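Colleague: The structure under discussion is supplied below as structure tokens; questions concerning it will follow.
Residue numbers (the numbering used here): 231 to 587.
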């Protein structure tokens, strides 16, 4: 009861506080709440991996608890304070909220920006174009502060483009486009497959690449392509792909255990073949026998071992000459609408849709 009253008091501070904003050539800044107030509770190391679209509110409330109801900093590279306003209207519970919208790499070198982010109890990276985050953040003091934030046992989260950069490997969209699965499968080494390494260093994601808006944009093909390419180039069979559906979140605790929150029936998809393809070149991908496990709200995963309990579904897919075969495609589409906790067992392999992602 006392904890609930504490969070209510924090919400009332935010509701009655004066909102501030300032703009410059390198970044815009917005704030609300008591910037000097004490954090009500302890922080805990955690990660919130949001797939994009509307937030599952229980996931964000979980995140606020992990930041001890303290000071939230939102990082963006487009638009304004919409995310901050949405947080204040729908979630609340933070002592203060600050938003920094980056316009250039110079902002990631700015002493004031670095100080704001360093003092954050929780950091949330918004959506947009992840290539901006790569260009603006990678190799800067801000990059170092983001890594240090997590090492200090404080939570970080991201949605859409903000999730795309949280793995040890990232799809950077560095060519200015958004890679479509059919193009990735047709040429795994193509110019549009822009993979980024050695950017952020999150716990339990050391061999992971993430993807977003997953089933809605039929991104199965591009994720399996990234996993195939990275496993081959890095000579690391343990490379794992995690795709998160729209309006879904995979919330990871400090010990590496994680669960899904979703609006409706959404999943986190685990692609973990534990090997590279036999051949990887500029020809259509062939990659058979790739296991795909789905996590629903009833599921749990331990990211230390990737052991899954109560999977929503478990299938196996084949890519043949740059396409999922028909059985695999049918299995993937059926899994995307799995209505019940019982696993959908199949050894099926599939053909990718031509629709853009």
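Every residue gets a Cβ at the ideal spot worked out from N, C-alpha and C, and that includes glycine. These figures come from a predicted structure and were not determined experimentally.
In terms of residue numbering, what span does the alpha helix (DSSP H) encompassing residue 362 cover?
Modeller: For this step, residue 362 is matched to residue 132 along the chain shown. Start and end: 360-367.
Colleague: Keeping to the same chain, check which residues put their C-beta closer than 6 Å to that of residue 306; ignore five residues upstream and five downstream.
Modeller: For the purposes of this step, residue 306 is taken as the residue at position 76 of the chain shown. Here the set comprises 331, 356.
Colleague: Contact between the region 362-381 and the region 410-419 is defined here as three or more beta-carbon pairs at a separation below 8 Å; is this criterion met?
Modeller: no
Colleague: Among 472, 475, 454, which has the Cα closest to the Cα of residue 516?
Modeller: Sequence index remark: in the chain shown, residue 516 carries index 286 (1-based). Nearest C-alpha to residue 516: 454.
Colleague: When DSSP labels each residue in this structure, what does residue 543 get in the three-state scheme?
Modeller: Numbered from 1 along the chain shown, position 313 holds the residue referred to as residue 543. Here residue 543 sits in strand by DSSP.
Colleague: Provide the residue span of the alpha helix (DSSP H) that contains residue 379, from first to last.
Modeller: The residue you call residue 379 lines up with position 149 of the chain shown. For residue 379, the uninterrupted alpha helix (DSSP H) segment begins and ends at 371-381.
Colleague: I'd like the list of long-range same chain contacts for residue 507, defined as Cβ closer than 8 Å, with 5 residues on each side in sequence excluded.
Modeller: Against the chain shown, residue 507 aligns to sequence position 277. 458, 461, 462, 515, 516, 517.
Colleague: Buried or exposed for residue 350, please, with buried defined as at least 16 other CB atoms from any protein chain shown within 10 angstroms of its CB.
Modeller: In the chain shown, counting from the first residue as 1, residue 350 sits at position 120. Result: buried.
Colleague: Under the assumption that residue 528 contacts residue 540 (Cβ atoms under 8 Å), give the Cβ distance between them as a whole number of angstroms.
Modeller: Mapped onto the chain shown, residue 528 falls at position 298. Mapped onto the chain shown, residue 540 falls at position 310. With a Cβ gap of about 5 Å, residue 528 and residue 540 count as contacting.
Colleague: Residue 395 lies in the beta strand (DSSP E); which residues open and close that run?
Modeller: The count along the chain shown starts at 1 and reaches residue 395 at position 165. Unbroken run through residue 395: none, as it is neither H nor E.
Colleague: Going by beta carbon distance, what residues of the same chain come within less than 8 Å of residue 492, once the five residues before and after it are set aside?
Modeller: Counting from 1 along the chain shown, the entry for residue 492 is found at position 262. Result list for residue 492: 286, 475, 477, 478, 479, 526, 527, in chain order.
Colleague: Do you know whose CA, among 321, 262, 337, lies nearest residue 291's CA?
Modeller: Residue 291 sits at position 61 when you count from the first residue of the chain shown. Of 321, 262, 337, the residue nearest in Cα terms is 321.
Colleague: Should residue 326 be labelled buried (16 or more other beta-carbon atoms within 10 Å of its own) or exposed?
Modeller: Here residue 326 refers to the residue found at position 96 of the chain shown. That one is buried.
Colleague: Going by the DSSP bridge assignment, what does residue 328 pair with across the sheet?
Modeller: On the chain shown, position 98 is the one that residue 328 refers to. Paired residues: 261, 303.
Colleague: Tell me the DSSP secondary structure of residue 518 in three-state form.
Modeller: Counting from one through the chain shown, the residue named residue 518 turns up at place 288. Looking at residue 518 - three-state DSSP - the assignment turns out to be strand.
Colleague: Rounded to whole angstroms, what's the CA-CA distance from residue 524 to residue 358? Just pull it up for me.
Modeller: Looking up residue 524 in the chain shown gives position 294. Looking up residue 358 in the chain shown gives position 128. Taking the straight line from one Cα to the other gives about 26 Å.
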